[in-house]
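Numbering (our numbering), first residue to last: 1 to 325.
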Ligand code: BMA
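Structure follows, in structure tokens:
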């Protein structure tokens, strides 16, 4: 076991157990994780990644993006008949969904592994979650698209994480933003945060859950990755040397490419037993869903150890304070 060298902020309360595991799924699943969550039409909706371990090949692959529903955001029912799968001659898998509602319409962002690179996709989703109209796919390599829940300055806006490998001599990936008049054509791209600005990341940072609007700005999570080359086996694979913690930042309301402030330490780190051992990739927290309740409670949904889906809560004012300190 590799305890994290940081601690979770005291204002964050993790539920004692994951809210969804493979055992809760009414179809074959080995790991369920990295879930986008929205509150929509009186219920909570979750889109999650469903991975399978293929014993014959000794390999893990993504089977589908599954869907679950809940009345309280805590107890979930997976719909056995719903699922988004994209696998063909060019595309290997769609994964890591994020959900956003804009003007009553549901959108799903996802990563797409293809024979010609990793692409970030955006799809318009029907209210019964059976129909997905793909509106845009980025050029490779890019992923972790998340949409803001409203137009800003007349444009749709997304956060994203391209993966430049040619120019920097090593993996060093940052947080970017692009705008679009119609969710199809994306441009006016800006760097939001460089890896070097984040004291608790040395490998990559990337968008987490779609941002939530507050009076002080757009509150948004991001994942922050450090490399620990001395680590060996830390999960199902022979080696797993990365650690994923969760950061929190506040972006300008009118121009979210500007960072108003961010917490210099992680918001959440792997510290629960099921985050540190027994998972596919231990020490990995991956936030994809954030819901602001009328009470001011923020629900933070995150994948733990690439194995389960967990929920933590915090008060929105405490999160803002962390960003503005
Ligand atoms: C990232 C993505 C996530 C995954 C994480 C940890 O690069 O692939 O889907 O949760 O690694 O393995």
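All C-beta atoms, glycine included, are put in the ideal place defined by N, C-alpha and C.
Using the Cα positions of residue i and residue j, report the straight-line distance between them to the nearest angstrom.
i           : j           : result
residue 220 : residue 105 : 21 Å
residue 153 : residue 216 : 17 Å
residue 258 : residue 21  : 37 Å
residue 156 : residue 127 : 20 Å
residue 318 : residue 18  : 23 Å
residue 324 : residue 293 : 21 Å
residue 125 : residue 253 : 26 Å
residue 58  : residue 316 : 43 Å
residue 269 : residue 93  : 28 Å
residue 234 : residue 281 : 6 Å
residue 52  : residue 260 : 41 Å
residue 224 : residue 82  : 31 Å
residue 167 : residue 195 : 15 Å
residue 41  : residue 103 : 12 Å
residue 85  : residue 255 : 35 Å
residue 236 : residue 15  : 25 Å
residue 4   : residue 27  : 34 Å
residue 171 : residue 23  : 35 Å
residue 87  : residue 60  : 15 Å
residue 190 : residue 273 : 38 Å
residue 230 : residue 275 : 19 Å
residue 55  : residue 300 : 33 Å
residue 239 : residue 271 : 20 Å
residue 232 : residue 250 : 35 Å
residue 197 : residue 151 : 28 Å
CB-CB under 6 Å to residue i, same chain, minus the five flanking residues each way: which ones, in chain order?
i           : result
residue 50  : 29, 32, 63, 64, 66
residue 314 : 11, 12, 298
residue 100 : 107, 147, 149, 210
residue 114 : 90, 91
residue 98  : 36, 109, 146, 210, 288
residue 310 : 18, 302, 304
residue 212 : 219, 290, 292
residue 163 : 141, 173
Tell me which same chain residues have a C-beta within less than 8 Å of the C-beta of residue i, skipping the five on either side of it?
i           : result
residue 322 : 9, 11, 248, 263, 267
residue 69  : 43, 44, 45, 46, 76, 77, 79
residue 228 : 2, 241, 242, 243
residue 6   : 200, 245, 265, 266, 269
residue 187 : 178, 179, 180
residue 226 : 200, 201, 202, 203, 242, 243, 245
residue 72  : 44
residue 296 : 315, 316, 317
residue 130 : 82
residue 96  : 34, 49, 110, 111, 143, 144, 286, 288
residue 278 : 305, 307
residue 25  : 32, 50, 66, 78
residue 185 : 136
residue 165 : 141, 171
residue 283 : 2, 4, 234, 240, 242, 243, 244, 270, 275, 276, 305
Going by DSSP, name the residue or residues bridged to residue i.
i           : result
residue 151 : Note: residue 151 sits in no beta bridge, so no partner.
residue 278 : Paired residues: none, contrary to the question.
residue 162 : 142
residue 53  : 60
residue 40  : 43
residue 13  : 313
residue 104 : Beta-bridge pairing links residue 104 to no other residue.
residue 346 : Since the displayed the chain opens at 1 and closes at 325, residue 346 lies outside it and no answer follows.
residue 183 : For residue 183, which the question treats as bridged, DSSP gives no partner whatsoever.
residue 287 : 302
residue 77  : 69
residue 236 : Paired residues: none, contrary to the question.
residue 213 : 218
residue 133 : 124
residue 117 : 114
residue 177 : 159, 190
residue 225 : 204, 244
residue 91  : 114
residue 261 : 250
Who are the near neighbours of residue i in its chain, counting only those whose CB is closer than 7 Å to its CB and skipping five residues on each side?
i           : result
residue 346 : This structure cannot settle anything about residue 346, because the visible part of the chain is limited to 1 through 325.
residue 175 : 159, 161, 192, 193, 205, 206, 207, 222
residue 133 : 123, 124
residue 214 : 316, 320
residue 74  : 19, 311
Taking 8 Å as the threshold, find out whether the region 167 to 182 comes into contact with the region 111 to 118 through three or more Cβ pairs.
no
Tell me whether the region 189 to 201 and the region 127 to 145 touch, counting them as touching only if at least three CB pairs, one residue from each stretch, are closer than 8 Å.
no
Sequence-ordered residues whose beta carbon comes within less than 6 Å of a heavy atom of ligand 1:
34, 96, 244, 281, 284, 286, 303, 306
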